[in-house]
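Taking it in order: structure first as structure tokens, then the write-up.
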Amino acid sequence: MSFEGWLDKLIRNSSATHSGFNNKRVDALSNPDHPGAYDPHAWMTASNGAIYAQNIANALVTFDPAHSKEYQFNAGVYIKQLEDLDKYILQQIQRIPAEHRVLVTSHDAFHYYGLRYGLELHSLLGTSTDADVQAGDLISINALIKKIAIPAIFTESTVNPKLIQSIREENSISIGGSLYADSLGDEKSPASDYQKMLRHNTDVIVRALTGSFTFTHQEKLLSPTAVYSSLIGIYLLLFYAFFYLAKSQKN
475 MSFEGWLDKL
485 IRNSSATHSG
495 FNNKRVDALS
505 NPDHPGAYDP
515 HAWMTASNGA
525 IYAQNIANAL
535 VTFDPAHSKE
545 YQFNAGVYIK
555 QLEDLDKYIL
565 QQIQRIPAEH
575 RVLVTSHDAF
585 HYYGLRYGLE
595 LHSLLGTSTD
605 ADVQAGDLIS
615 INALIKKIAI
625 PAIFTESTVN
635 PKLIQSIREE
645 NSISIGGSLY
655 ADSLGDEKSP
665 ASDYQKMLRH
675 NTDVIVRALT
685 GSFTFTHQEK
695 LLSPTAVYSS
705 LIGIYLLLFY
715 AFFYLAKSQK
725 N
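Under the working numbering, the first residue of the sequence shown is numbered 475, with each subsequent residue one higher.
Below, the structure written as structure tokens:
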């Protein structure tokens with residue numbers, strides 16, 4: 475679906491031959507930013523991941539038929555894991571109150587996820603992280619947050635968080651966490667492989683939109699309660715300082 479635009483050109487210009495495969499295709503969503511093109515983020519559901527896994531196994535069997543049983547067995551094990559994960563995500567999203575099943579992120583990478591699992595999607599950017607934010611998008615998202623009191627919005631691991639942070643500050647809303655879309659995390663991250671990535675995203679979304687997540691250290695520092703407490707502390711320190719100086723001068 476042209477996520478890696480350079481790949482089609484590389485294949486066309488390559489002197490190597492390649493075979494076509496009788497693969498099952500995912501149900502591609504149209505790309506609103508590019509008429510006639512498709513949203514490439516189809517891997518964001520476990521059900522589509524299972525389709526990809528079977529297609530990969532079929533391709534490997536074509537190239538290496540001597541090991542077809544091993545490829546198909548391993549694919550079957552992995553696909554069963556993805557089917558279980560798909561059920562888990564469906565069940566977890568249902569925990570979110572219906573009026574709060576709204577996902578606000580940096581860019582349009584979660585439409586397959588939202589359509590499959592029942593979330594309304596809003597983003598600041600299009601399907602590309604290189605796109606520029608439009609003033610109208612900022613206005614509409616700010617209005618949406620005020621209208622339905624969304625509990626949290628989300629940053630993404632590969633997108634500059636400044637835009638989401640500015641929305642948080644303007645609306646006194648929490649950042650629910652960082653989601654993974656266009657890449658996995660490193661080996662020490664909670665999204666070090668495909669299944670972990672989908673599970674992490676789901677757990678972060680559900681915790682935030684059900685109100686059962688904890689504030690980050692930065693959010694605690696910037697929360698109104700923390701600011702007021704800090705101001706009171708400063709005033710008390712100044713009061714005691716002036717009181718001490720006045721008492722010293724009298725003595």
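The beta carbon of each residue, even a glycine, is placed where N, CA and C say it ideally should be.
Treat the numbers as computed from the prediction; the structure is a model and nothing was measured.
Item: Exposure of Phe547, with buried meaning 16 or more beta-carbon neighbours within 10 Å; Value: exposed
Item: Within 8 Å, strictly: CB atoms of Met735 and Leu683; Value: Only positions 475 to 725 of the chain appear in this structure, which leaves residue 735 out of reach.
Item: Simplified DSSP assignment, three categories, for Gln592; Value: One point to set straight first is that residue 592 is Gly, not Gln, in the sequence displayed. Coil at Gly592, not helix or strand.
Item: Given 8 Å, three or more beta-carbon pairs between the region 582-597 and the region 510-520; Value: yes
Item: Same chain only: Cβ atoms within 6 Å of Ser704, ignoring 5 sequence neighbours per side; Value: Confidence at Ser704 is low in this model, with a pLDDT of 49, below 50, so its placement is unreliable and the value that follows should be read with caution. Nothing listed; no residue qualifies.
Item: Buried or exposed by the 16-neighbour rule on C-beta atoms within 10 Å, applied to Asp604; Value: Since pLDDT at Asp604 reaches only 44, below the 50 mark, its modelled position is unreliable, and the value read off the structure follows with that caveat. With fewer than 16 other Cβ atoms within 10 Å, it is exposed.
Item: Alpha-carbon spacing of Ser614 relative to Lys543, whole angstroms; Value: 53 Å
Item: Buried versus exposed call for Val576 [16 or more other C-beta atoms within 10 Å across all chains shown]; Value: buried
Item: Top-ranked residue by Cα proximity to Asp660, from Ser631, Ser640, Pro635 and Gly650; Value: Ser631
Item: Reference Leu653, options Ile553, Asn634 and Val500, closest by Cα; Value: Asn634
Item: Own chain residues within Cβ distance below 7 Å of Tyr526, not counting five before or after; Value: Trp517
Item: Assigned exposure category for Asp560 - 16 Cβ within 10 Å defines buried; Value: buried
Item: Closest residue to Gly650 among Asp656, Arg642 and Ala626 (Cα-Cα distance); Value: Ala626
Item: Presumed contact (8 Å Cβ cut-off) between Val462 and Arg569, rounded CB distance; Value: The structure shown does not extend to residue 462, since the chain spans only 475 to 725, so no value can be given for it.
Item: Same chain, Cβ closer than 7 Å to His574, neighbours up to 5 away in sequence not counted; Value: Ile624, Pro625 and Leu683
Item: Paired residues, beta bridge with Val578 - DSSP; Value: His596
Item: Residue burial classification, Asn487 (beta-carbon count within 10 angstroms, cutoff 16); Value: exposed
Item: C-beta atoms of Lys498 and Asn529 nearer than 8 Å; Value: yes
Item: Backbone CA spacing between Leu612 and Ile647 [nearest angstrom]; Value: 15 Å
Item: Phe628: first and last residue of the uninterrupted alpha helix (DSSP H) it sits in; Value: Note, Phe628: premise wrong, no alpha helix (DSSP H); beta strand (DSSP E) at Ala626 to Glu630.
Item: Three-state class that DSSP yields for Tyr654 in the structure shown; Value: coil
Item: CA-to-CA distance, Thr519 to Tyr586, given in whole angstroms; Value: 6 Å
Item: Beta-ladder partner(s) of Tyr545, from DSSP; Value: DSSP lists no partner for Tyr545.
Item: Alpha carbon of Gln566 to alpha carbon of Gly592, nearest angstrom; Value: 11 Å
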